[in-house]
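Protein chains in written order, with the working numbering: chain A, 94 to 349; chain B, 5 to 608. Glycine included, each C-beta is placed from N, C-alpha and C at the ideal position. All remarks here apply to the structure that follows.
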Amino acid sequence: MADITMRVWRGDPGGGGFEDYELQSQEGEVVLDVIHRIQATDAPDLACRWNCKAGKCGSCSAEVNGKPRLMCMTRMDQLPEGPVTVAPMRAFPIIRDLVTDVSFNFEMAKKVPAFDPAPPPEGGYRMQQIDIERGQEFRKCIECFMCQDVCHVIRDHEENKPNYAGPRFFIRFAELEMHPLDTNDRRELAKELGLGMCNITKCCTEVCPEHIKITDNAIIPMKERVVDAQYDPVAWLGRKILRRHKLTAEEAADRG
Amino acid sequence: MAEIESHDYDVIVIGAGGAGLRAAIESVSRGLRTALICKSLLGKAHTVMAEGGVAAAMGNVYEEDNWKVHFRDTMRGGKMLNNWRMAELHAQEAPDRVLELEAWGALFDRTKDGKILQRDFGGHRYARLAHVGDRTGLELIRTLQQRAVSMGIDVFMECKILRLLSDSEGRVSGAVGYWRPTGEFVSFTAKAVVLASGGVGKSWKYTSNSWESTGDGHAMALWSGADLIDMEAVQFHPTGMVWPLSVRGILVTEGVRGDGGVLRNSEGERFMFGYVADMFRAETAESEEEADRWYDDHTAGRRPPELLPRDEVARSINSEVKGGRGSPHGGVFLDIASRRSPEVIRRRLPSMYHQFMELAGVDITREAMEVGPTCHYIMGGVRVDADTGAATVPGLFAAGEVAGGMHGSNRLGGNSLSDLLVFGRRAGMGASDYAEGRLGDPSVDAAEIDTIIADSLAPFTRESGENPYTIQSDLQEMMQALVGIIRTGSELDTALEKLGELRERAERTSIKGGRIYNPGWNLTTDLPSMLTVSRCVALGARDRKESRGGHTRDDFPKADPEFGKINLVLRQPAGGGVEGDIKVSPEPLLEMPDELKELFEEGH
């Protein structure tokens, strides 16, 4: 007996609307399982992206009951009773059904200059675990683009997109800026790509499936560094050289 | 001929996981016009699922480690069926490839003295896997992706390749496919084609593989006249999730066992002590006490049997479940909660912690996981030249899971990520050399393209055909039941009959909707390769009348020294194409040089 109703957005750039599918629930299912069952039976042409089905690839982002979620990590039995709505991410143009055109993100990725370390010393690079942990936090990013989806600067303001990289790339800038071996200064570019437009509402942090503290650990420190550089380039250079000590001090501050 | 979008390149790379990205980086760095083509978005390939690490004898944790030990471990893990030259190159070059990733921005976990940390894994004598917690694959793919993007590589995302194209002399000269977001067709001409299309696991019901692993590269190589080898060698990873049913098959990293986790049956017994094969007895602990000493100091005891190669562990779990000593949902227990502190577990295995917490409601710092074998990897694949990645037809190269030989009949954990890097680079070099030396512009047959396009669109024109998802599901059920972890001759014969029926059904599918991002239609274009590779696996399994590595025959339970000397080679007679018959022939393994043979004698 059908006991769940999936209210799935179907349509294309010309428009669309929600369609209801009635199914019988199965133990332990996630939203993506139910979408797959609809594909396999009623609607083989229902478009959605997915790959790993284990929260590692970031392909199946959608808005479930109005909130950005990975469909593969959203248990049906943890959603409130009643119809479950599944809609595409709103910040990106529709291709079809649950699939959006996320090329904005891939274009922005091209604007990030590559990691640029000094040549390795004899015996190879050495880095301490404590010095790379902040970078590792940002490198957990699975590029689900849900942080981009909820960011107010672009969610409702298409016109901001050309000049705004978004949270996903602010953590990329932060990752490289805080990398013990990188020699580039990325703050100018972060500024040009809209770091200042972020008004730290932390919506991105709230939706991150990897629990990356995007605002506190990446955006705010980057904003501070941009301001510092504007006032005092000598201090910036000194800090770049004495990066170890700076980072360690920051770690201490974080813990305090 | 219908006018379609077309592109001309020196090298096209099909597949953008680790191997494809690394091959493309090599080709671009040589200044060649290079295209990277993938079925999903960039950065979502199956490499991202790799958890435990990348195997490389860097000696950062155990100085005694070196490429010869790694080579020996790899060959023994593969039950000596490996292409020895691939195993040698792999062991020698993996450390440089890891260091290269570091120079490109990868942030591996560190030792106390600041070097790259290495962890223990099954079948590796020393702690050898460079890693980032349990998300090493993500680190690897993101590092290569960022490198490739910074080099300005042309990427064709969400573009499915249907067939390779050859010129009148049989040289591979291009490919034809379609864009998934638009349904429009696109053709490529190229002087060299690198296949880096991954595996075949989607033909089984319980698999760690994603929708993409439909064996496209294996099948297209065969259809173009290339040889495949060892297709019966399919790895069932011992530890996939078994419950809830909807997540059955999702991978649980071997790192759980490398970091101290143990397997127990319903009676609480560490049953692996009862399953140590003669080949591994001398180096495996005999008691729990001895095994537990080993984790802290590898000289204080021998290896725990939980860290035997994957084929051994998967078969043992299967036997325990069949013997009535399984867990409530038909697996066994993997316990790290009673052996490591919650802090250590959360730090070393963060994604396992979240995966079980969120999908199964199980807190792995407090209770045991339920696990069982899941289809994970195919050792068999396109027969290649070790040094260049060249397939047996000119113009075609292969690297990564789609290539055969490197892992013999069973792959060690951690040897896949290193394989991608070592042979991705080598295939990129081989393809670049070939492209630079190839005279004239590559030409393809326009009429052939028209036929391929027409065939792929046929499901739209059938009024009442079958739903392709039903056929896929029946194929998965059948392969799971008849060509699974334990096989017998009669069941393989049945499987081959059923594959014939499934192929007929696949020719009568029908599709509703349009061509724009239509998963049902996309599936009809994946089914031919799924059916071809399934047939190859069943044929190899039928003809290899022994048990070895990832191939176990109930009716021939022992390894046969005569079969240990041969590869089973699959090929289609010229002009075979998608419908062609597949011929299986035994051919002798490459002869290993004496100085390497010595590594397998007493005392090593």
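Any chain B beta carbon closer than 8 Å to residue i
| i | result |
| --- | --- |
| A/Leu282 | no |
| A/Trp102 | no |
| A/Gln117 | no |
| A/His338 | Summary for A/His338: the model assigns pLDDT 45, below 50, so the residue's position carries little reliability, and this model does not support an answer. |
| A/Met99 | no |
| A/Arg261 | no |
| A/Asp138 | yes |
| A/Arg318 | no |
| A/Val179 | no |
| A/Pro210 | yes |
| A/Lys160 | no |
| A/Asp113 | no |
| A/Lys295 | no |
Bridge partner(s) assigned by DSSP for residue i
| i | result |
| --- | --- |
| A/Ser154 | A/Leu163 |
| B/Leu572 | B/Pro590 |
| B/Cys163 | B/Trp183 |
| B/Ser10 | B/Ser191 |
| A/Asp105 | A/Gly108 |
| B/Phe401 | B/Val198, B/Ala394 |
| B/Arg123 | B/Leu133 |
| B/His555 | B/Arg552 |
| B/Asp158 | B/Ala39 |
| B/Thr528 | None; B/Thr528 has no bridge partner. |
Short Cβ contact (8 Å threshold) for residue i with residue j
| i | j | result |
| --- | --- | --- |
| B/Asp454 | B/Lys195 | no |
| B/Asp315 | B/Asn414 | yes |
| B/Ile18 | B/Gly264 | no |
| A/Ser154 | A/Phe238 | yes |
| B/Gly81 | B/Pro398 | no |
| B/Val325 | B/Gly376 | yes |
| A/Val179 | A/Leu191 | yes |
| B/Ala499 | B/Pro532 | no |
| B/Leu169 | B/Val386 | no |
| B/Ala295 | B/Ala289 | yes |
| A/Thr134 | A/Glu115 | no |
| A/Ile61 | B/Arg114 | This structure does not reach residue 61 of chain A, given that chain A is present from 94 up to 349, and the question cannot be answered. |
| A/Asp113 | A/Pro181 | no |
| A/Gln229 | B/Pro523 | no |
Assigned exposure category for residue i - 16 Cβ within 10 Å defines buried
| i | result |
| --- | --- |
| A/Pro186 | exposed |
| A/Ile223 | exposed |
| B/Ala458 | exposed |
| B/Asn86 | buried |
| B/Gln239 | buried |
| B/Leu267 | buried |
| B/Asn64 | buried |
| A/Arg348 | Only weak support is given to the placement of A/Arg348: the predicted model assigns it a pLDDT of 39, under 50, and the value that follows is read from those uncertain coordinates. Exposed is the call here. |
| B/Thr528 | buried |
Beta carbon proximity, residue i to chain A, threshold 8 Å
| i | result |
| --- | --- |
| B/Asn471 | yes |
| B/Ala107 | yes |
| B/Ser521 | According to the sequence provided, residue 521 of chain B is Tyr. The question's Ser does not apply to it. Answer yes: the Cβ-Cβ gap between B/Tyr521 and chain A drops below 8 Å somewhere. |
| B/Trp71 | no |
| B/Val3 | What is shown of chain B runs 5 to 608, which leaves residue 3 of chain B out entirely. |
| B/Trp298 | no |
| B/Val136 | yes |
| B/Leu103 | yes |
CA-to-CA distance, residue j to residue i, given in whole angstroms
| i | j | result |
| --- | --- | --- |
| B/Ser212 | B/Gly253 | 5 Å |
| B/Glu106 | B/Tyr299 | 27 Å |
| B/Arg26 | B/Gly409 | 19 Å |
| B/Gly365 | B/Ile349 | 16 Å |
| B/Gly259 | B/Gly126 | 9 Å |
| A/Pro214 | A/Ile188 | 49 Å |
| B/Leu249 | A/Gly121 | 7 Å |
| A/Met166 | A/Gly148 | 6 Å |
| A/Thr298 | A/Arg265 | 14 Å |
| B/Ile321 | B/Ala286 | 22 Å |
| A/Cys301 | A/Thr193 | 19 Å |
| A/Lys339 | A/Phe263 | Unreliable placement is indicated for A/Lys339, whose pLDDT of 42 sits below 50; the coordinate value is still reported in the next sentence. Between A/Lys339 and A/Phe263, the C-alpha separation is close to 20 Å. |
| B/Thr513 | B/Pro472 | 6 Å |
Distance cut-off 7 Å: residue i Cβ against heavy atoms of the ligand ZN
| i | result |
| --- | --- |
| A/Ile264 | As far as ligands go, the structure on display features none, and thus does not contain the ligand ZN. |
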